[in-house]
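Respectively, the protein sequence lines represent chains U and A. With my numbering, letter number 5 in the first sequence gets 6, and the count goes up by one each step, no holes. With my numbering, letter number 4 in the second sequence gets 5, and the count goes up by one each step, no holes.
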Amino acid sequence: GAVVSQHPSRVICKSGTSVKIECRSLDFQATTMFWYRQFPKQSLMLMATSNEGSKATYEQGVEKDKFLINHASLTLSTLTVTSAHPEDSSFYICSASFPGINEQYFGPGTRLTVT
Amino acid sequence: QKEVEQNSGPLSVPEGAIASLNCTYSDRGSQSFFWYRQYSGKSPELIMSIYSNGDKEDGRFTAQLNKASQYVSLLIRDSQPSDSATYLCAVCLSGGYNKLIFGAGTRLAVHP
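Given below as structure tokens:
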């Protein structure tokens with residue numbers, strides 16, 4: 002399967018600060034990347050779909066001004082959690098898919114803790 | 002609201018037995034279906050994809066799809082303690098969105 006990396010794997014930040022998470026597809030060019038959030042003992046919830054060179058498409062209920070997504074190249078998408086609050090503490094996971102293929106390969110995830 | 006339903010479990014099976022995991026979905030137009038395995042604290046790992054009615058086998062795993070019944074299942078033969086994880090069923094929405102909707106997952110526990 003494809004290799005997707007995320008950085009950082011863990012981050013602790015203070016309330017009110019912003020955090021940037023990077024997602025890279027290492028061995029293929031991903032025209033589409035996806036950002037998910039997973040709270041403890043819950044399933045993955047899609048936050049947004051990120052297409053290279055265009056604006057991200059956000060799911061209902063996800064604030065686009067709070068969760069900034071940039072997909073500047075075919076191998077890199079970033080998620081910035083702005084003005085983070087404790088309720089934003091979660092496991093953030095990105096995925097990428099081959100062009101024209103529905104299979105998604107997940108990065109290892111980033112555990113965000115906001116104090 | 003498109004939905005994917007799974008029994009949350011836990012499903013407990015003895016080592017060497019067959020584990021059977023089930024999933025139903027509401028989007029009748031869906032054509033692509035996936036099973037992911039997620040260990041505690043880790044991200045999901047793709048283990049099977051299935052697109053046509055019937056069975057698809059890969060090693061100890063068999064995925065089964067019945068689009069008329071909107072039902073997908075995963076069989077794990079010769080279950081091992083290392084198979085203990087949460088198994089997520091994912092359905093790709095119809096309409097060209099390429100988005101996956103995940104079930105809540107079934108926790109499988111394989112005991113020696």
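All residues carry an ideal CB built from backbone N, CA and C; glycine is no exception. These figures come from a predicted structure and were not determined experimentally.
Anything in chain U within Cβ reach of residue i, meaning under 8 Å, just list it in chain order.
i, result
"A:N99", "T33, T50, S98, N103"
"A:P15", "Simply none; closest approach about 25 Å."
For residue i, go through chain U and note every residue whose CB falls closer than 7 Å to its CB, in chain order.
i, result
"A:F103", "S44, L45"
"A:C93", "N103"
"A:G106", "S44"
Any beta carbon of chain A sitting closer than 8 Å to that of residue i?
i, result
"U:Y59", "no"
Given a threshold of 16 other Cβ atoms within 10 Å of its Cβ, counted over all protein chains shown, does residue i qualify as buried or as exposed?
i, result
"U:S16", "exposed"
"U:H72", "buried"
"U:R25", "buried"
"U:I22", "buried"
"A:R108", "buried"
"U:F40", "exposed"
"U:V4", "exposed"
"U:S10", "exposed"
"A:N67", "exposed"
Between residue i and chain U, is there a C-beta pair that is closer than 8 Å?
i, result
"A:L89", "yes"
Kindly list, in the order they appear in chain A, the residues whose Cβ is closer than 8 Å to that of residue i.
i, result
"U:G108", "S44"
Name, please, each residue of chain A whose Cβ falls closer than 7 Å to the Cβ of residue i.
i, result
"U:I70", "In chain order: nothing, as chain A lies at least about 15 Å away."
- Item | Complete beta strand (DSSP E) runs within the region 16 to 45 of chain A (minimum length 3 residues, chain order) | 20 to 26, 33 to 39
- Item | Within 9 Å of chain U by C-beta, residues of the region 34 to 67 of chain A in sequence order | F35, Y37, Q39, G42, K43, S44, P45, E46, L47, S50, Y52
- Going along the region 67 to 94 of chain U in order, which residues come within less than 9 Å of chain A, judged by CB to CB distance? F92, I94
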